[in-house]
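*Asks:* In the numbering used here, the protein residues as written are 3 to 443.
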Ligand SMILES: [Mn+2]
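#1: Quick one, what's near ligand 1 if you take every residue whose CB is closer than 5 Å to any heavy atom, in chain order?
#2: Which residue from 402, 266, 122 and 167 puts its Cα closest to that of residue 213?
#3: So for residue 431, helix, strand or coil by DSSP?
#4: For a quick check, are the C-beta atoms of residue 129 and residue 177 less than 8 Å apart?
#5: Distance check for residue 67 and residue 157, CA to CA, integer angstroms please.
#6: Look at residue 238 and residue 195 and say whether their C-beta atoms are less than 8 Å apart.
#7: Quick check on the burial criterion: 16 or more other C-beta atoms within 10 angstroms. Buried or exposed for residue 82?
#8: For residue 107, tell me which candidate among 137, 85 and 424 has the shortest Cα-Cα distance.
#9: So is residue 429 buried or exposed if we call it buried at 16+ other beta carbons inside 10 Å?
#10: Alpha carbon to alpha carbon, how far is residue 233 from residue 118?
#11: Could you have a look at residue 228 and say whether DSSP puts it in helix, strand or coil?
#12: On a Cα-Cα basis, can you pick out the residue from 347, 61 and 180 that is closest to residue 290?
#13: In terms of residues, what are the limits of the alpha helix (DSSP H) holding residue 377?
#14: Taking only three categories from DSSP, how would you classify residue 159?
#15: Quick check: the segment 250-258 against the segment 296-309, are there 3 or more CB pairs under 8 Å?
#16: Going by alpha carbons, who is nearest to residue 127 out of 226, 313, 247 and 98?
#17: Taking all protein chains shown into account, do 16 or more other C-beta atoms lie within 10 angstroms of the C-beta of residue 327, making it buried, or fewer, making it exposed?
#18: Cβ atoms of residue 122 and residue 87: under 8 Å apart, would you say?
#19: Between the Cα of residue 341 and those of 351, 383, 319 and 358, spot the shortest distance and give me the residue it belongs to.
#20: Measure the CB-CB distance between residue 190 and residue 263 and report whether it falls below 8 Å.
#21: Determine the closest residue to residue 304 out of 359, 405 and 321, with distance taken between C-alpha atoms.
#22: Could you give the distance in angstroms between the alpha-carbon of residue 392 and the alpha-carbon of residue 369?
#23: From the DSSP output, read off the bridge partner residues of residue 289.
#24: Tell me whether residue 25 is buried or exposed, calling it buried when 16 or more other Cβ atoms sit within 10 Å of its Cβ.
#25: Have a look at residue 373 and residue 385 and give me their C-alpha separation to the nearest angstrom.
#26: Taking the continuous beta strand (DSSP E) assigned at residue 185, which residues delimit it?
#27: Out of 224, 80, 153 and 22, which one is the CA nearest neighbour of residue 205?
#28: Report the three-state DSSP secondary structure of residue 4 (helix, strand or coil).
#29: Cβ atoms of residue 318 and residue 269: under 8 Å apart, would you say?
#30: Would residue 193 be called buried (16 or more neighbouring beta carbons within 10 Å of its own) or exposed?
#31: DSSP on residue 136, reduced to helix/strand/coil?
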């Protein structure tokens, strides 16, 4: 796997151009890298260890995020955006070529439906890409669908609607097997808009009965990721509304079931890093949907609003990683992005997001955990806090650039992407996508 060994004519962004630009920036980059290395060495951290660890970080890209997103008001299409799953994967491979951190795509069905999944897998492999968790969709009706999801799917009062939703998830598992995916993410929009509309207990019981059938069909080597969300589209109650319900469901179903944390699916002010710690402690942290938000489930670019929160989440992840290592247990959540790019070129947003996620990880890696533990044990509040602050305030960009370089990527990904003229070329060769009235793409 990897574009370095590949026929470079496959790529619209020329590897030669990236290499040339890297050479132009190399002297300054090496100077910055050496300065960061010296700075970390004073805290007994070897920058090479940090870069080595960063090279193991992989984050899945959302296929639905490759097209211009929309709000419930409007969607403004971007010329040259992808029209089908093949073109989405092509765009994902550009992100991976430049940033080197995102070798997998998470697909969403039926949005990404194709006639030939084996051909899709081969095409992705040619571009150095694989597949992350498959997402089922039972929150909207499709043209050819018998039962409506207006009043729910897996928890619907009508057994025929529940059965239809179950069968869709089973189909997603079968597609995932062909693609080489290893997880199914289930998020449902089921809930209620009015007090009295549904019985909380009965809907959750029906949801669990339905999900049990899906769980049993999930291969043993896979994960069933349960994604919770507090509200929307239902505005009074939601069946899987928080991490408490999520972990109860995951524990009820069994070891293959784990919880997925979408950073935008919580009440404002929620201490998300603490949820991460709790789920990790009890072996139920299965995956992430990275994004950022200001007001609700905004699906903004990772790290664009609250980079400190992203760092604190990774601080818990690194802690959980080390704890698992000491205890010889497994800790391996599936990291993915779930973003909606409404006013930017999705490729540029995802390049920025990959940098933000990698940056948060590196900052968490350089926390002096031995010193932190001592400060905590001595109740030295200011110094314990400063220990985190010092890591967060460190400019780790040279370490990120070095990791990108070692994967054949770019020191300056966005400049290289713009210089390539990729989007302009695609706007000439791809069909224009219809303007939808708004909302989901
Ligand atoms: Mn999500």
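Built from N, CA and C at the ideal position, the CB exists for glycine as well.
Values in this document were obtained by computation on a predicted structure and should not be read as measured data.
*Replies:* With the structure as the only source:
#1: 264, 291 and 340
#2: 167
#3: helix
#4: Residue 129 places its beta carbon 8 Å or farther from that of residue 177.
#5: 28 Å
#6: yes
#7: buried
#8: 137
#9: exposed
#10: 36 Å
#11: strand
#12: Measuring C-alpha to C-alpha distances from residue 290 to each of 347, 61 and 180 identifies 61 as the nearest.
#13: 371-379
#14: coil
#15: The segment 250-258 makes no contact with the segment 296-309, as fewer than three CB pairs between them are under 8 Å.
#16: For the residues 226, 313, 247 and 98, the minimum Cα distance to residue 127 belongs to 98.
#17: exposed
#18: yes
#19: Looking at the Cα atoms, 351 is the closest of the given residues.
#20: no
#21: 359
#22: 8 Å
#23: 262 and 336
#24: exposed
#25: 9 Å
#26: That run of the beta strand (DSSP E) goes 185-188.
#27: Comparing C-alpha distances from residue 205 to each of 224, 80, 153 and 22 shows the shortest one belongs to 153.
#28: Only weak support exists for where residue 4 lies, its pLDDT of 33 falling under 50; the value from the coordinates is given anyway. Residue state, collapsed to three classes: coil.
#29: Contact: no.
#30: buried
#31: strand
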